[in-house]
Amino acid sequence: MTRRLYAAAGLALAMTVVPATAATADEDGPTRGARAPFTLAVYGDAPYGTTPTDTTEFDATPAFIASVNADPNVGTVIHVGDIHSGKQYCTAAYDQSIAALWKTFADPLVYTPGDNEWADCHKAGEGGGKYNAATGQIDPVLDPATGQAVDYAAGNPVANLDLVRRTFFPTPGHTLGSGTLRVLSQAQLPHPLHPEDAQYVENVLWVKNGTLFVTVNVPGGSNNDADPWYGAPTASQPQLDEAAHRTAADLRWLDTAFALAHLGGISSVVVTTQADMWDLDGKTTAHLANYEPIVDSLASHTTAFGKPVLLLVGDSHVYRSDNPLSQGAPCTGDQGVCSYDAWNSHPNHEVPNFHRIVVHGSTVPLEWLKLTVTPGAHHPTSATSFGPFSWTRVTDS
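Sequential numbering from 648 applies to the sequence shown in our numbering.
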């Protein structure tokens, strides 16, 4: 009963934030209003630099944004996380420079944080520091000119996530870019038994022409739980607490999103995370164990929903299109080759109405995915389509 009341309350609140699909319908026919196709630009892992001072991709971003702005079909932009590489520092000035760039998008931008801008800031390569076994303390990377730590809060991931929230999510329910898209944030709808979920302002959802979109803060790097901060012998209690509390809140947010989807009027769902939860990255499957709760939730919710569910991720940088929740499902990647067997990373699932796209990133020229949603369409699952979804890769040349 509590869950039903919570879902009903969520729907009521969601419809005050996002127009109900029926309210946007147009009497001119199925090609207008709530049945009209719409297009999004999806990108991530950009802008990257090969060194702390490499600004090549950053300098190319204004032209990249202009090319997206020039496409009259694009109505929303999604950034799937990682606003700099693992070889660049985590600073307030850099985060603010990205926020300033994004203000030039003519369309609203929805962003989910990546590991490089918070969860991995502790790493020395990103300007964090190293654990000193002799002292039991952290030796931060220092700026030789000032003697101060180069990273914000010496790379502390929790502090850097707070910085990301202040910089990119200052007002719950407001988006970036043009800011014209109204979304529902978990900060506005925390679980009634978990008021602490209100801190996860970055988790949002919105509805467009019968498709429900939901973003969930799941960072790469084994969900911020397998690699001890600063290279310490074991993960600290703050690290374990961060991962446990955020994962629990993420699972409740997925519960909320799919509960709303079941209440009617929703024909498909799009989930966005930063982490490629199937990419071993040269490690054993144990490195992915901390993603199991999220993967299991996606599998069970998608099965119960029974309609198309599309997952958009970044993290592993190389374009890929497949269904990692179905054994033997075909996979399309760069040069037609997929670099790993995704199903074996989290086996025992068989969910045919699921599809995943890894958005290509980190390379020049910058690239974005032109994703079109056609309500009511039943495209075959192919290299460029799935249910109501179809897409092309666009390179900014």
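The beta carbon of each residue, even a glycine, is placed where N, CA and C say it ideally should be. No experiment lies behind these values; they were computed from the predicted model shown.
Quick one: grab the DSSP three-state call for G820.
Taking the sequence shown and counting its residues from 1, the one referred to as residue 820 is at position 173. DSSP, reduced to helix, strand and coil, places G820 outside both helices and strands of the structure shown, so it counts as coil.
Could you tell me the distance, in whole angstroms, from the CA atom of Q846 to the CA atom of P804?
For the purposes of this step, residue 846 is taken as residue 199 along the sequence shown, with counting starting at 1. For the purposes of this step, residue 804 is taken as residue 157 along the sequence shown, with counting starting at 1. Those two C-alpha atoms are separated by around 15 Å.
Using a Cβ-Cβ cutoff of less than 8 Å, which residues in the same chain neighbour A707 once the five nearest sequence positions on both sides are dropped?
Taking the first residue of the sequence shown as position 1, residue 707 is located at position 60. Around A707: P694, V1011, P1012, L1013, D1043.
Taking the alpha-carbon of W876 as reference, which of Q835, L901, G774 has the nearest alpha-carbon?
Reading the sequence shown from its first residue, position 229 is the one you call residue 876. Of the candidates Q835, L901, G774, the one whose C-alpha sits nearest the C-alpha of W876 is G774.
Cutting at 6 Å between CB atoms, please list the residues of its own chain near F816, excluding the five before and the five after it.
Along the sequence shown, one-based indexing puts residue 816 at 169. Closer than 6 Å at the Cβ level, and outside the excluded window around F816, lie V848, E849.
Identify every run of the alpha helix (DSSP H) within the stretch 717 to 782, keeping only runs that are complete inside it and at least 4 residues long; order them along the chain.
The stretch 717 to 782 contains these whole alpha helix (DSSP H) runs: 739 to 749.
Do L831 and W853 have their beta-carbon atoms positioned less than 8 Å apart in this structure?
For the purposes of this step, residue 853 is taken as residue 206 along the sequence shown, with counting starting at 1. For the purposes of this step, residue 831 is taken as residue 184 along the sequence shown, with counting starting at 1. Their beta carbons are under 8 Å apart, which means W853 touches L831 by this criterion.
How far does the alpha helix (DSSP H) with R1040 in it reach, from first residue to last?
Numbered from its first residue, the sequence shown carries residue 1040 at position 393. Not the alpha helix (DSSP H): R1040 falls in the beta strand (DSSP E), residues 1036 to 1042.
Look at D923 and V956 and say whether their C-beta atoms are less than 8 Å apart.
Reading the sequence shown from its first residue, position 276 is the one you call residue 923. Reading the sequence shown from its first residue, position 309 is the one you call residue 956. No, these two residues do not count as a Cβ contact at 8 Å.
Closer than 6 Å by C-beta to G676: which residues in its own chain qualify, once you throw out the five before and the five after it? Chain order, please.
Walking along the sequence shown from the start, residue 676 turns up at place 29. Caution is warranted here: a pLDDT of 33 is assigned to G676, below 50, making its placement in the model unreliable, and no coordinate value can be reported.
Run through the stretch 940 to 1021 for me and flag every whole beta strand (DSSP E) of 3 or more residues, listed as ranges in chain order.
956 to 960, 967 to 969, 1001 to 1005, 1014 to 1020
For H993, which residues in the same chain have their Cβ closer than 6 Å to its Cβ, ignoring the five residues on either side in sequence?
Taking the sequence shown and counting its residues from 1, the one referred to as residue 993 is at position 346. The answer, listed in chain order, is V942.
Assuming H1025 is part of the beta strand (DSSP E), what are its boundary residues?
Indexing the sequence shown from 1 puts residue 1025 at position 378. Taken as a continuous stretch (DSSP letters only), H1025 belongs to no beta strand (DSSP E), as it is neither H nor E.
Could you check what DSSP says for S832 in three-state terms: helix, strand or coil?
Position 185 of the sequence shown, counted from the first residue, corresponds to residue 832. If DSSP states are grouped into helix, strand and coil, S832 belongs with the strands.
Can you tell me where the alpha helix (DSSP H) with D888 in it begins and where it stops?
Walking along the sequence shown from the start, residue 888 turns up at place 241. Where D888 is concerned, the enclosing alpha helix (DSSP H) stretches over 884 to 909.
Tell me whether Q833 is buried or exposed, calling it buried when 16 or more other Cβ atoms sit within 10 Å of its Cβ.
Here residue 833 refers to the residue found at position 186 of the sequence shown. That one is buried.
When you compare only the Cα positions, how much space is there between C985 and A747?
The residue given as residue 985 occupies position 338 in the sequence shown. The residue given as residue 747 occupies position 100 in the sequence shown. Cα-Cα distance, rounded: 36 Å.
Skipping 5 residues on each side, what residues in its chain have a beta carbon closer than 7 Å to that of N1000?
Within the sequence shown, residue 1000 is the residue found at index 353, counting from 1. Excluding positions up to five away in sequence, the list reads T949, G953, K954, P955, V956.
I'd like the list of long-range same chain contacts for P837, defined as Cβ closer than 6 Å, with 5 residues on each side in sequence excluded.
Residue 837 sits at position 190 when you count from the first residue of the sequence shown. Cβ within range, chain order: D844, A845.
Pick helix, strand or coil for Y690, following the three-state DSSP scheme.
Residue mapping note: residue 690 aligns to position 43 of the sequence shown, counting from 1. If DSSP states are grouped into helix, strand and coil, Y690 belongs with the strands.
Give the secondary structure of L810 by DSSP, where H, G and I count as helix, E and B as strand, and everything else as coil.
By 1-based counting over the sequence shown, the position of residue 810 is 163. Correct three-state label for L810: helix.
Put Q645 into one of helix, strand or coil per three-state DSSP.
The structure shown has nothing for residue 645, since the chain only spans 648 to 1044.
For E764, I'd like the list of residues in its chain whose CB is within less than 8 Å of its CB, leaving aside the five on either flank, ordered along the chain.
Position 117 of the sequence shown, counted from the start, is the residue given in the question as residue 764. So the list reads G728, D729, I730, H731, C737, D742, N807, V811, once near-sequence residues are dropped.
Once DSSP output is grouped into helix, strand and coil, what is the label at V805?
By one-based count along the sequence shown, residue 805 stands at place 158. Helix at V805.
Could you pull the DSSP bridge partners for A796 from this structure?
Taking the sequence shown and counting its residues from 1, one reaches residue 796 at position 149. Looking at the DSSP assignment, A796 forms a beta bridge with L789.
Find out if the Cβ-Cβ distance for the pair L927, Y987 is shorter than 8 Å.
Your numbering for residue 927 matches position 280 in the sequence shown. Your numbering for residue 987 matches position 340 in the sequence shown. A contact, by the Cβ cut-off of 8 Å.
So, G733 versus K777, is the Cβ gap smaller than 8 Å?
Looking up residue 733 in the sequence shown gives position 86. Looking up residue 777 in the sequence shown gives position 130. Taking 8 Å as the Cβ cut-off, G733 and K777 do not qualify as a contacting pair.
Tell whether a beta-carbon distance below 8 Å holds between G761 and G696.
For this step, residue 761 is matched to residue 114 along the sequence shown. For this step, residue 696 is matched to residue 49 along the sequence shown. No. Outside cutoff.
What distance in whole Å lies between the Cβ atoms of V917 and L828, which are believed to be in contact at a cut-off of 8 Å?
Counting from one through the sequence shown, the residue named residue 828 turns up at place 181. Counting from one through the sequence shown, the residue named residue 917 turns up at place 270. Your pair L828 and V917 does not check out as a contact, with CB atoms roughly 14 Å apart and the cut at 8 Å.
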